[in-house]
Every structure is written in structure tokens, then in C-alpha cells.
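Asks: Residue numbers (our numbering): 2 to 566. Glycine included, each C-beta is placed from N, C-alpha and C at the ideal position. No experiment lies behind these values; they were computed from the predicted model shown. Structure in C-alpha cells, see below.
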Amino acid sequence: MNAENIDEAAPKKSLNFIEAFVEQDLKDGKNGGRIQTRFPPEPNGYLHIGHAKAICLDFGIADNYGGICNLRFDDTNPVKEDVEYVDSIQEDIQWLGYKWKNIYYASDYFQQLWDLTIEFIKQGKAYVDEQSAETIAKQKGTPTVPGTESPYRNRPVEESLALFQKMNTGEVPEGAMILRAKIDMASSNMHFRDPIMYRVINSHPHHRTGTNWKAYPMYDYAHGQSDYFEGVTHSLCTLEFEVHRPLYDWFIDQFKDSDYRPRQIEFNRLNLTYTVMSKRKMLQLVQEGLVSGWDDPRMPTICGLRRRGYSPEAIHNFIDKIGYTKFEAQNDIGLMEHAVRENLNKTAARVNAVIDPVKLIITNYPEGLVEMMETVNNPEDEAAGTREIAFSRELYIERDDFMEEAPKKYFRLTPGQEVRLKSAYFVKCTSCKRDADGRLEEIYCEYDPMTKSGMPDANRKVKGTLHWVSAAHSLTAEVRLYDRLFSVENPSADERDFRDLLNPNSLRVLTNCQVEASLKNGKPLDQFQFQRIGYFNVDPDSTPDKLVFNRTASLKDSWAKEQGK
RNA sequence: UGUCUCAUGGUGUAAUGGUAGCACUGCAGUUUCUGAAUCUGCCUGUCCAGGUUCGAACCCUGGUGAGACAACCA
2 MNAENIDEAA
12 PKKSLNFIEA
22 FVEQDLKDGK
32 NGGRIQTRFP
42 PEPNGYLHIG
52 HAKAICLDFG
62 IADNYGGICN
72 LRFDDTNPVK
82 EDVEYVDSIQ
92 EDIQWLGYKW
102 KNIYYASDYF
112 QQLWDLTIEF
122 IKQGKAYVDE
132 QSAETIAKQK
142 GTPTVPGTES
152 PYRNRPVEES
162 LALFQKMNTG
172 EVPEGAMILR
182 AKIDMASSNM
192 HFRDPIMYRV
202 INSHPHHRTG
212 TNWKAYPMYD
222 YAHGQSDYFE
232 GVTHSLCTLE
242 FEVHRPLYDW
252 FIDQFKDSDY
262 RPRQIEFNRL
272 NLTYTVMSKR
282 KMLQLVQEGL
292 VSGWDDPRMP
302 TICGLRRRGY
312 SPEAIHNFID
322 KIGYTKFEAQ
332 NDIGLMEHAV
342 RENLNKTAAR
352 VNAVIDPVKL
362 IITNYPEGLV
372 EMMETVNNPE
382 DEAAGTREIA
392 FSRELYIERD
402 DFMEEAPKKY
412 FRLTPGQEVR
422 LKSAYFVKCT
432 SCKRDADGRL
442 EEIYCEYDPM
452 TKSGMPDANR
462 KVKGTLHWVS
472 AAHSLTAEVR
482 LYDRLFSVEN
492 PSADERDFRD
502 LLNPNSLRVL
512 TNCQVEASLK
522 NGKPLDQFQF
532 QRIGYFNVDP
542 DSTPDKLVFN
552 RTASLKDSWA
562 KEQGK
């Protein structure tokens, strides 16, 4: 490459294939240069991290190309839908930082769709089929065997028209009649074998239209037409809809009356290792009480991640890292953890907490003396400032920060080895006391008064640094790490830090967690492990299943231990 | 024995006819007031076989492998 080209080449940002399509459409002058997308959830569950991937794309494309993105609830099946979900979906999208232009509901188009369908039937392109679901399924054939035509296929238009009207009055029981498009029972694409356009549902009222309608349009019909009504230019969806695209286009062609046409483009859905993302399974976890709700921190829902301490930025970072392609991928949960660490390391305030405390007594430190030690709130953000924490003769440290007989690479407290107490002094262990069962009760050590933080001697090299709380100044909290209840009988935080715990700050936390749940059929649910290292959002109203923990040093150890290494 | 889609290190992704690059993981080292984070280095890749071309991850042909499709779900 010669010198002239370098300047042009350098800033070139690689596009994902969808952006490339959009740019090509723009270049071709399609749809008058308009860009419009939509995020079309069915309100039948809470949004999860997989939806976040779609949301970032739908809203992101609109933002990047000066277009608009609407929120549309695909509420064509009242059996599964509920306003609870409508509300939570809106909340979660907003939390992610996106603003839709308009909110639409597929149910808003029921009348329009109905009128269109009447015309469609009059043209002889659809018929009412009165066969049972089983019969129809049988006649459909298989992917390799052509289907057979329904005996009702060529019934008079007037008859279909009259029956279609009846389908919506309530006199037709569910399952007795459906409206089918007359296409091709021998098509190699199963979706063309006279697809169902309308079915009767009168067992459940619709969450918005109540009992006004008894006949409801199916996805394949309603979705494309909704896109068309709204002026969507790029209808982005996941790979499993690839086979539906020809039908999507077919229905558009039947009704379109201008040059404008929406275009469906598919991308790969998010598959996260160790993570259950099926709405059906998540619903089961909620209904059977295996989790505290859709926002249980172990859930991969947006609200669960929010409670777990993920920030919208962290989720955006993660989505940016994984990309959009045409093939199924397995995304490592580690990548998501990396994204959240990257973000929260810069923003989360740290506090001290001891989970499994053991008393550390500094034998040469004056009894009754209390020194206030200054410590930083966030080592990666000077603006976060400092706070003071009380230091005294008797402290608590983490039980596994001490080993009487330590292996060579153990950098924490062990007899004869000097370590730093974070923001305080260097101490050297002299001895320890054990109870009759050999359980560690107290550790004794001596401090070096010349090594207080900030003093010249504090620059001396030590291998290890430990966190601690002052016994007399600490408070006890009952904390739960996900499914594990840690009842800390001894104080777990100094007073100052305990107040921090009640602040709505993101805090680091250790979250080793494995859940095994059983499904109704007795088969074990995929063993899933929601998070190894995580962060927690602590809010004042929260129940005590929150834990603050400022140490990351031993995470690798504890994880290795769990793996039996 | 159909139709559609896809195939790049362990994983995730770039390169769209012109030097296979980036990130995560792993390993090694560095640094740090907690072994995290940071920083550095290393390892590892174009599914196979032909063809077109000066040149192929990319275009063509044929294999192989994977996923989606047979809900009155979306």
C-alpha cells in the first residue's frame, strides 16, 4: 500500500454485515433513503441478555444512520401475554439507555388486518378450513414429502367469507376453524403449504383489546404487515426466521401498493455458555419458586443483571465484543464477565468486608488506641475521593488469608512473613491460637510503627496485602451470595463501610454460585452457573441478599478450589 | 434422503481478489497498597478436493460437516 492510501485506510471501521446491507440500500436510494427499524417483543416474559443483543442492533442501526426505531409489542396471542411483561419490557429498554420513537402494538392493527383479510378472501386467496389440527398437520406432509390439499380448499368464496365472520363472533369454538392462505401444498418450503392466517382464541381475553376479538392473526401474517403499516425498512430478526422470509415477502407482495417495501434480515441469536435463556425454563424457575423472581440476580434477564450490578455500559461493551453474524455461535460467559469488570473497575466504589472472619491481634499496638486511616474509594478513579476507616489493636481478617504452614507461593499471612494491612501498617505473624478441634481462633502479630501508609518505610516491598476491619468498629450483616446463605456471626464491616453498603453504589462481590434445579418431568435442568465473579448493585430497599466484598485477590484460588485443582 | 442458511486459532470475530488482523481464554513475565486490574511476550486458524487468476479465506464446481424448517407460538 502506498503512502497516499494510508490516510484513507486507517480510519475505516469494519461494518457488520447488516450495516453493510443498510449502507448498500442507502446507496441504492431504496425507500427514499429512509431507515426505520423496530424492536418487536412478544409480551410473554421478561427481556434477557439475548434480547439486549437485538435491542442494541435495532436501536443502534437507527441511531447510526439517522433513522428511527419503534417499540412494537407483537401481541397476537392472548394466551401467553400479560401487561406485567409490557411494563417490564419498557423499563428494561429504557434502562439500557434507548428511546423508541413510538410504541405500537400489533393489536392496534387488528381492524386494519381484518379488513385487508376480507379483501384477500374475496380475491379467492384464502379459505376457511374446518378440519382438526391433527388432520391439517397430517396433510402438511414433511420437509421431504409434499402435502395434500384440504377438501375445503376450493370452497366458494362466499362460504369462506361468512365463516370467517363467524370465527370472530364467539360462536365458533377454538380449533373448529382456521383461515388459511391458498398457496402451494407441495412447496419445498413448509411455510408455503397453505399457512394459517387466523385462528380462534376465546378462552383468554386479550390484555389490551379484551374480548373484542375472537379471531387472532398469526405471526407470519401480522408481523410483516405490521412492519409495512409502520414503514419499517429493515426488519431485523434472528436466524430461525430465515425460512419465514419468503413468506414474509409473499404477504408483503399481496398487499403492497407502492415502491416501499420492508426487508427482513436475520442475525445469529445469543448463546451464552452455562446460561439458560429459554423463556419457558425461566418461567418455570419463577413459577416453582426456585428463584426469587424474574429479577433474581442469578437470572440472565436484564433486570436480573441489573440487580447483579451490571451497568448498561457493561452490557453494551459485551454486545460490542460479540458481534452479529450469520452462523450460530457459543459466546463464552467469561467475555461478559470481562466486559463488566472493565466497566465497573473504573466506576465502582470499594468497601471493606470480611466474609469469614478470624481475629487478628496486634500485640505491640497500644490498647485503646484508635487511628483513622485514609483509604481510596476507587483506585482507578481519583475523583471518587477517600474515606477514613478506624484501625485498632484487634481486627478481623479473612480466615483464608492465614495459613500456619504455607506453600511456597502463598503471599498472605503466615508465621514469619510480613504483609501489608491495606491502608495501614505492615504486620508480621508471631503465633496463633487454636481450639481443641484445631480450629483457628486468634492470630497474633506485631506491627511496624514506621510502616503506616504514606510513611517512607511503607514503600518497602511486601508480597501480600490484606483487607481487614476493626473488631470494635465493625458491624454484622447477614449476607447471601446467591443461593448460599452466609450467616456471618461476627462483624463483617466497619461502621463506615457498612453505611457504604447501603448506598446505591456498584460494589464488587464474590459470587460463586451453582444451581441445580429440577424440572417437572424429573429430568435435571441443565446445570447452570450464572456467574463466577460479579458485582452487585446495592440499594437501600434491598433485602439482605446483598454482599459487599472488596477483595478479588483470592478469586482465582477459590475458583480453582471449586474445580478441584 | 427436500428447501434455506452457514463453515477463519480453544472461543468470539475482522479481512469482500492483494501482507490472515483484533479481542477473550490459556501459558510465561512485568507491575501494583490484596494474587484482581494493568502492561509485555508466546501458543494456536482459513473444513476437504478440484478449478478460474499473476494472486483465492473471498469467485466457480463437487464433497464433508453444522443449524433452521413439518406449533391453530412468536
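1. Is the number of C-beta pairs between the segment 35-42 and the segment 277-289 that are closer than 8 angstroms three or more?
2. To which residues of the same chain is Arg-270 closer than 7 angstroms at the C-beta, ignoring the five residues directly before and after it?
3. Indicate whether Cys-304 and Ser-15 have their beta-carbon atoms separated by less than 8 angstroms.
4. Drop a sphere of 10 angstroms on the beta-carbon of Asn-332, count the other beta-carbons inside from all chains shown, and report buried for 16 or more, exposed for fewer.
5. Whose C-beta lies closer than 6 angstroms to the C-beta of Asp-458 among residues of the same chain, with five residues either side of it excluded?
6. How long is the line joining the alpha carbons of Ala-63 and Ile-69, rounded to whole angstroms?
7. Indicate whether the contact test is met: 3 or more Cβ pairs, each with one atom in the segment 21-37 and one in the segment 198-218, closer than 8 angstroms.
8. Under DSSP, the beta strand (DSSP E) around His-580 begins and ends at which residues?
9. Residue range of the alpha helix (DSSP H) that Thr-118 falls in?
10. Using the rule of at least 16 other Cβ atoms within 10 Å of the residue's Cβ for burial, across every protein chain shown, is Arg-440 buried or exposed?
11. If I follow the unbroken alpha helix (DSSP H) through Arg-200, where does it start and stop?
12. CA-CA distance, Arg-307 and Glu-314?
13. From what residue to what residue does the beta strand (DSSP E) around Phe-403 run?
14. Exposed or buried, what is Arg-194 when buried is set at 16 or more other beta-carbons lying within 10 Å of its beta-carbon?
15. Taking the beta carbon of Phe-388 as the centre, do at least 16 other beta carbons fall within 10 Å, making it buried, or is it exposed?
16. When the Cα atoms are used, what is the spatial distance from Thr-466 to Glu-372?
17. Looking at the structure shown, is Glu-20 part of a helix, part of a strand, or coil, going by DSSP?
18. So, for Asp-436: in the same chain, excluding its five sequence neighbours on each side, which residues have a beta-carbon less than 6 angstroms away from its beta-carbon?
19. How about Tyr-311 and Phe-268: do their beta carbons lie closer than 8 angstroms?
20. In angstroms with no decimal places, state the Cα-to-Cα distance between Asn-513 and Ala-340.
21. With H, G and I counted as helix, E and B as strand and the rest as coil, what does DSSP make of Ala-127?
22. From Tyr-222, Leu-58, Lys-347 and Pro-147, pick the residue whose C-alpha is nearest to that of Trp-101; which is it?
23. Contact defined as beta carbons within less than 8 angstroms: I believe Asn-365 pairs with Tyr-426. What is the distance between those atoms, to the nearest angstrom?
24. For Ser-188, which residues of its own chain have a beta-carbon under 7 angstroms away from its beta-carbon, when the five flanking residues on both sides are left out?
25. With burial defined as no fewer than 16 other Cβ atoms inside 10 Å of the residue's Cβ, what is the status of Asn-213: buried or exposed?
26. Within 10 angstroms of its Cβ, does Val-244 collect 16 or more other Cβ (buried), or is it exposed?
27. Per DSSP, which residues does Glu-443 bridge with? Please list them.
28. Between Leu-117, Ile-253 and Tyr-110, which lies nearest to Leu-162 when the distance is taken from Cα to Cα?
29. Do you know offhand how far Asn-17's Cα is from Lys-54's?
30. For the beta strand (DSSP E) that contains Ile-398, what are its first and last residues?
31. Is the beta carbon of Arg-400 closer than 8 angstroms to that of Pro-358?
32. Suppose the cutoff is 7 angstroms on Cβ atoms and the five residues either side in sequence are ignored; what does the same chain contact list for Met-300 look like?
33. Going by other Cβ atoms of all chains shown within 10 Å of its Cβ, with 16 needed for buried, is Asn-71 buried or exposed?
34. Less than 8 angstroms between the CB atoms is what I'm expecting for Asp-228 and His-192, so what's the real figure, rounded?
35. Looking at the structure shown, is Ser-133 part of a helix, part of a strand, or coil, going by DSSP?
Replies: Considering the structure as presented:
1. no
2. Gly-51, Thr-239 and Leu-240
3. no
4. buried
5. Met-451 and Thr-452
6. 5 angstroms
7. no
8. Because the chain spans 2 through 566 in this model, residue 580 falls outside it and cannot be assessed.
9. 111-123
10. exposed
11. Run containing Arg-200: none in the alpha helix (DSSP H); it sits in the beta strand (DSSP E), 197-201.
12. 11 angstroms
13. Run containing Phe-403: none; DSSP gives neither H nor E here.
14. buried
15. Before going on, a small fix: residue 388 reads as Arg here, not Phe. Answer is buried; the Cβ neighbour count reaches 16.
16. 19 angstroms
17. helix
18. Glu-442
19. no
20. Any reading at Asn-513 must be qualified, since the residue scores a pLDDT of 25, below 50, and its modelled position is unreliable; the value itself is stated next. Computed Cα separation, rounded: 18 angstroms.
21. strand
22. Leu-58
23. Rounded, the Cβ-Cβ distance is 10 angstroms, inconsistent with contact.
24. Arg-194
25. exposed
26. exposed
27. Lys-360 and Lys-434
28. Leu-117
29. 13 angstroms
30. 395-399
31. yes
32. Met-283 and Val-292
33. buried
34. Not quite, the Cβ-Cβ distance comes to about 17 angstroms (not below 8 angstroms), so this is no contact.
35. coil
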